[in-house]
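S.K.: So that we are looking at the same thing, I have put the structure below in structure tokens.
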Amino acid sequence: MDGNGYIAVPSTNPHCVLHVLSFLRPAESVASQVYRQVFITNILSFAFSLLTLILLGILYTFFGWISTSPIVTGTAVLLLLIIALNRWNDQLGRTIFCLLPVVMTLFATIYLKTTETQSHIAYFDSRFILLATTVMPGIVFRLNERIPLFLSLSATCVSLLFFDAFHEWAGVGYYQQGHVEVAYPYITYITFFSFIVIVVAVFLLRSVMERSEDNLRQQNHELVQKQYEIEAQHEELLQQQEEIVASNEKLEEANNVISKQQLSLQQYNEQLQEKVKQSDNALVRTNEELVKHNNELVQFSYTVSHNLRGPVARLLGLSRLATLAHDESERGKLQSMILNASEELDHVLKDLSMIIDIRNDLYRIREKVYFEDEWKKVVSLLSDHIKPEFQIRADFSNAPYVAGIRPMVQSVLFNLLSNAIKYRSQKRDLEISVSTRKDSPVRTSLVFSDNGMGIDLRQQQANIFKLYKRFHTNIPGKGLGLYLVKTQVEALGGDIAVESEVEKGTTFTIEFRHPEEFRKQVFYSSDAAQVYYDADVDVMVMHWKRSASSEEFREIFTKVLNSLQVYNSPAWISDIRNRGTISDEDHAWLRTHILNEAIRVGLKRTALIVREEQSPEYSDDEEKICLMAGVEIRSFTSIEEALIWVRSFTAA
């Protein structure tokens, strides 16, 4: 039988083979999910019918027409009828296919004992035939066809359990025939236990086969889709090639001047093929990017459930305590704690919103992420699970920060600490060690160790970072933590390695790489202005190239505000030497929609780069707003001077 369910036969009589296959092939109305099972049932019915007829011929040759000949003949006919029945109702036909050998075997063994004297062996051999029928439902039914599957297996089970009861009812029981073996009833238990073992094995094998079939079907569907895309591209290339050939035929009829044009056209064709190749490469990169974004979307959904659980639980608990408090001072403390928890929740939501837009250029910008700050947040989120006897040591002095995305670094630390707490050993107090080191100017490593239950890497090395893989089934979990860690580390351009021994502990080593352009990460650029983030100084820089329209002006300042909201940069440098003047409406919009919000999210100082003869274009009202909020405004004649001014606050 080949991969499509057809029988491989010799090619000597093709018309006969096609006729047989057409007769055995299921009807078009049969569902695709059970098409293979129905086809196998028809093939087996046909084969068993032929074997039965051959057996009948052998019996007739040696013994003539005997008492069992009608039973054999009827069995062969019924097997052929199953093929026809499958065209009308395939589930009923397959059920009868499974029940027929059980019923016929039980009937034959009783019938033969009533017609002639049988040795005690005849009470054993038919049981093995019944045991063999246990395999047939697993071949012709899928697991979701529960009723016929249960009915078929139940028939075999009842036949084995009540084998002696049926014989005694017919008056041909083992002891009724004069046999005296005392241990005879023991065979009933043996066959029944064998039946249970076979059923379990068949179910497991059926489950594995169906999962494999589903995976192969999905992979085949994806391959077909890719084949369609390739064929479409191939047809497009063929069409382009035909056009080029037609052009060449016309060019061959031209003079020397046209020949020169043909040479140019040939060169153009080579360039076109190169562009097609580049387009294909771009398509591959786009597909890889789509897969990456899909993984990021999956990890975001689980990051939400992890990062929001702590603040929300804290808010609920404090709110319930506030309703029970009678003392005003106690109620005031609870309200202050509720406010702190709300601010923490707001901070988490901002970080999560950053992951939602991770595909935007703005969120590919790397910032200085300080391990100490993110570690304190993670410890706070998991404070309800950290017991006093835990020994947690964290030392980030060798490499205080990394160039990365803050929510991702926090999520990596959260999952590592959460896993260490969850999978701690019950034989000793939990010990956790977290440290960082500077491997090179562009590489920083984070080392996270615990003395927990550990993982058997000899068996689980290939599954350690796979989705939904769990290594301690006695502890509740979904198998997501390490998958998220690896995905986020790779999204940051890093690598992760693991060392672990059972009941000794686990060590994760994460290597982060710093981007080449750390000081000038451009996330917006047009012919009017360029905006970039200087992660070394933690400042947004806006460089105007020419006078901008009102629409361009507002778009650029909106980009700057978005960056300030995401990275909470305390400083903002604007080079307005080539910006020109702005209208009163844009001036009012800048004050109302940008400046006030920027101050709210943490803007503390603003530097303007102007020419010596140029004055800052901020009104007295704006200066008052900045001064009241504690924001300084200074003017400089170069960006270098402004950066020195901003860096002086960072150093302090």
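Residue numbers are given in my numbering: position 285 of the sequence shown equals residue 1259, and the series is strictly consecutive.
Note that beta-carbon positions come from the ideal geometry of N, C-alpha and C, so glycine has one too.
Would you list the one or two residues that DSSP bridges to Met-1514?
M.R.: Residue mapping note: residue 1514 aligns to position 540 of the sequence shown, counting from 1. Tyr-1507, Trp-1546, per the DSSP bridge assignment.
S.K.: For Leu-1212 and Ser-1221, what's the separation of their Cα atoms in angstroms?
M.R.: Indexing the sequence shown from 1 puts residue 1212 at position 238. Indexing the sequence shown from 1 puts residue 1221 at position 247. So the alpha carbons of these two residues sit roughly 14 Å apart.
S.K.: Consult DSSP for Thr-1162 and reduce its assignment to one of helix, strand or coil.
M.R.: Walking along the sequence shown from the start, residue 1162 turns up at place 188. It is helical.
S.K.: Are the CB atoms of Lys-1460 and Phe-1486 within a distance shorter than 8 Å?
M.R.: Taking the first residue of the sequence shown as 1, we reach residue 1486 at position 512. Taking the first residue of the sequence shown as 1, we reach residue 1460 at position 486. Taking 8 Å as the Cβ cut-off, Phe-1486 and Lys-1460 do not qualify as a contacting pair.
S.K.: Within the same chain, show all residues whose beta-carbon is closer than 7 Å to that of Tyr-1158, passing over the 5 residues directly before and after it, in chain order.
M.R.: The sequence position of residue 1158 within the sequence shown is 184, counting from 1. Closer than 7 Å at Cβ, skipping near neighbours: Tyr-1148.
S.K.: Kindly indicate which residue of Thr-1088, Val-1534, Ala-1502, Arg-1061 has the alpha-carbon position closest to the one of Ile-1568.
M.R.: The residue you call residue 1568 lines up with position 594 of the sequence shown. It is Val-1534.
S.K.: Three or more beta-carbon pairs under 8 Å between the region 1504–1517 and the region 1303–1317, yes or no?
M.R.: no
S.K.: Please classify Leu-1387: does DSSP put it in a helix, a strand, or coil?
M.R.: The residue you call residue 1387 lines up with position 413 of the sequence shown. DSSP places Leu-1387 in helix when its eight states are reduced to three.
S.K.: With distances taken Cα to Cα, identify the nearest neighbour of Leu-1166 among Thr-1580, Met-1382, Val-1132, Gly-1048.
M.R.: For the purposes of this step, residue 1166 is identified with residue 192 of the sequence shown, where counting begins at 1. Going by the sequence as given, residue 1166 is Phe instead of Leu. Closest option to Phe-1166, Cα to Cα, is Val-1132.
S.K.: Tell me the residue span of the beta strand (DSSP E) that contains Gly-1479.
M.R.: As a working note, residue 1479 is residue 505 in the sequence shown. First-last of the beta strand (DSSP E) with Gly-1479: 1479–1487.
S.K.: Among Ile-1028, Glu-1464, Ser-1003, Phe-1020, which has the Cα closest to the Cα of Gln-1065?
M.R.: Taking the first residue of the sequence shown as 1, we reach residue 1065 at position 91. Residue Ser-1003 is the option with its Cα nearest to Gln-1065.
S.K.: What residues in its chain sit with their C-beta under 8 Å from that of Leu-1135, if we drop five residues either side in the sequence?
M.R.: Residue numbering aside, residue 1135 sits at position 161 when the sequence shown is read from its first letter. Around Leu-1135: Thr-1162, Phe-1166.
S.K.: Around the C-beta of Glu-1346, are 16 or more other C-beta atoms found within 10 angstroms, so that it is buried, or is it exposed?
M.R.: Position 372 of the sequence shown holds residue 1346. The residue is exposed, with fewer than 16 neighbouring Cβ atoms inside 10 Å.
S.K.: In the DSSP assignment, the alpha helix (DSSP H) including Val-1534 goes from what residue to what residue?
M.R.: The sequence position of residue 1534 within the sequence shown is 560, counting from 1. Its alpha helix (DSSP H) spans residues 1524–1541.
S.K.: Just the C-alpha distance for Leu-1538 and Trp-1349, rounded to the nearest angstrom, thanks.
M.R.: By 1-based counting over the sequence shown, the position of residue 1538 is 564. By 1-based counting over the sequence shown, the position of residue 1349 is 375. Here the alpha carbon of Leu-1538 sits roughly 23 Å from the alpha carbon of Trp-1349.
S.K.: Tell me whether Arg-1333 sits in a helix, a strand or coil according to DSSP, three-state version.
M.R.: One-based indexing of the sequence shown puts residue 1333 at position 359. Caution is warranted here: a pLDDT of 44 is assigned to Arg-1333, below 50, making its placement in the model unreliable, and no coordinate value can be reported.
S.K.: Considering only C-alpha positions, which residue in the set Asp-1560, Lys-1494, Val-1540 is nearest to Ala-1522?
M.R.: Numbered from 1 along the sequence shown, position 548 holds the residue referred to as residue 1522. For Ala-1522, the nearest C-alpha among the options comes from Asp-1560.
S.K.: Can you name the residues that DSSP bridges to Phe-1124?
M.R.: Here residue 1124 corresponds to residue number 150 of the sequence shown, with the count starting at 1. Answer by DSSP bridge pairing: none, since Phe-1124 is not bridged.
S.K.: Give the secondary structure of Glu-1227 by DSSP, where H, G and I count as helix, E and B as strand, and everything else as coil.
M.R.: Here residue 1227 refers to the residue found at position 253 of the sequence shown. Of the three classes helix, strand and coil, the one that applies to Glu-1227 here is coil, per DSSP.
S.K.: So, helix, strand or coil for Asp-1369, using DSSP?
M.R.: Counting from one through the sequence shown, the residue named residue 1369 turns up at place 395. Residue state, collapsed to three classes: strand.
S.K.: Just the Cα atoms here: how many angstroms apart are Phe-1623 and Ser-1399?
M.R.: Start at 1 with the first residue of the sequence shown, and residue 1623 comes out as number 649. Start at 1 with the first residue of the sequence shown, and residue 1399 comes out as number 425. One C-alpha to the other measures close to 47 Å.
S.K.: Between Ala-1616, Gln-1433, Val-1008, which lies nearest to Asp-1508 when the distance is taken from Cα to Cα?
M.R.: Here residue 1508 is taken as the residue at index 534 of the sequence shown, counted from 1. Minimum Cα distance to Asp-1508 is reached at Ala-1616.
S.K.: Any idea which residues DSSP pairs Leu-1582 with across the strands?
M.R.: Walking along the sequence shown from the start, residue 1582 turns up at place 608. Answer is Ser-1548, Ser-1609.
S.K.: Per DSSP, Lys-1202 forms a beta bridge with which residues?
M.R.: Counted from its first residue, the sequence shown places residue 1202 at position 228. Looking at the sequence itself, residue 1202 is Tyr, so the reference to Lys does not match. The partner list for Tyr-1202 (beta bridge, DSSP) is empty, contrary to what the question assumes.
S.K.: Rounded to the nearest angstrom, what separates Gln-1011 and Glu-1142 at their Cα positions?
M.R.: Numbered from its first residue, the sequence shown carries residue 1011 at position 37. Numbered from its first residue, the sequence shown carries residue 1142 at position 168. When the Cα atoms are used, Gln-1011 and Glu-1142 turn out to be separated by approximately 37 Å.
S.K.: Grab me the residues of Asn-1542's own chain with a C-beta within less than 7 Å of its C-beta, minus the 5 sequence neighbours each way, in chain order.
M.R.: Residue mapping note: residue 1542 aligns to position 568 of the sequence shown, counting from 1. Closer than 7 Å at the Cβ level, and outside the excluded window around Asn-1542, lie Val-1575, Gly-1576.
S.K.: Across the region 1020–1028 and the region 1101–1121, are there enough close Cβ pairs to call them in contact, namely three or more that are closer than 8 Å?
M.R.: no
S.K.: Using the Cα positions of Ser-1548 and Asp-1558, report the straight-line distance between them to the nearest angstrom.
M.R.: Sequence index remark: in the sequence shown, residue 1548 carries index 574 (1-based). Sequence index remark: in the sequence shown, residue 1558 carries index 584 (1-based). Rounded to the nearest angstrom, the two C-alpha atoms are 19 Å apart.
S.K.: Would you identify the three-state DSSP class for Leu-1117, choosing helix, strand or coil?
M.R.: The residue labelled residue 1117 in the question sits at position 143 within the sequence shown. Coil at Leu-1117, not helix or strand.
S.K.: For the beta strand (DSSP E) containing Gln-1434, list its first residue and its last residue.
M.R.: The sequence position of residue 1434 within the sequence shown is 460, counting from 1. Judged by DSSP secondary structure, Gln-1434 falls outside any beta strand (DSSP E) and instead within the alpha helix (DSSP H) spanning 1431–1434.
S.K.: Quick check on the burial criterion: 16 or more other C-beta atoms within 10 angstroms. Buried or exposed for Ile-1470?
M.R.: Within the sequence shown, numbered from 1, the residue matching residue 1470 stands at position 496. Buried, since its Cβ has 16 or more Cβ neighbours within 10 Å.
S.K.: Express the C-alpha separation of Gln-1433 and Glu-1475 in angstroms, rounding to a whole number.
M.R.: Residue mapping note: residue 1475 aligns to position 501 of the sequence shown, counting from 1. Residue mapping note: residue 1433 aligns to position 459 of the sequence shown, counting from 1. Cα-Cα distance, rounded: 11 Å.
S.K.: Hey, Thr-1015 and Val-1114 are a contact pair by Cβ (cut 8 Å); roughly how many whole angstroms apart?
M.R.: Working through the sequence shown from its first residue, we reach residue 1015 at position 41. Working through the sequence shown from its first residue, we reach residue 1114 at position 140. With 8 Å as the limit, Thr-1015 and Val-1114 qualify as a contact, their Cβ atoms being about 5 Å apart.
S.K.: Have a look at Ser-1100, Ile-1573, Arg-1553, Glu-1525 and flag the residue whose alpha-carbon is nearest the alpha-carbon of Trp-1546.
M.R.: Residue 1546 sits at position 572 when you count from the first residue of the sequence shown. Nearest of Ser-1100, Ile-1573, Arg-1553, Glu-1525 to Trp-1546, Cα basis: Ile-1573.
S.K.: Excluding the 5 residues preceding and the 5 following Ala-1144 in the sequence, name in chain order all residues of the same chain whose CB lies nearer than 8 Å to its CB.
M.R.: Translated into positions along the sequence shown, residue 1144 becomes position 170. Within the same chain, Ala-1144 has close Cβ partners Ile-1084, Lys-1087, Thr-1088.
S.K.: Please list the terminal residues of the continuous beta strand (DSSP E) segment that includes Asp-1424.
M.R.: Residue 1424 sits at position 450 when you count from the first residue of the sequence shown. Unbroken beta strand (DSSP E) run through Asp-1424: 1417–1424.
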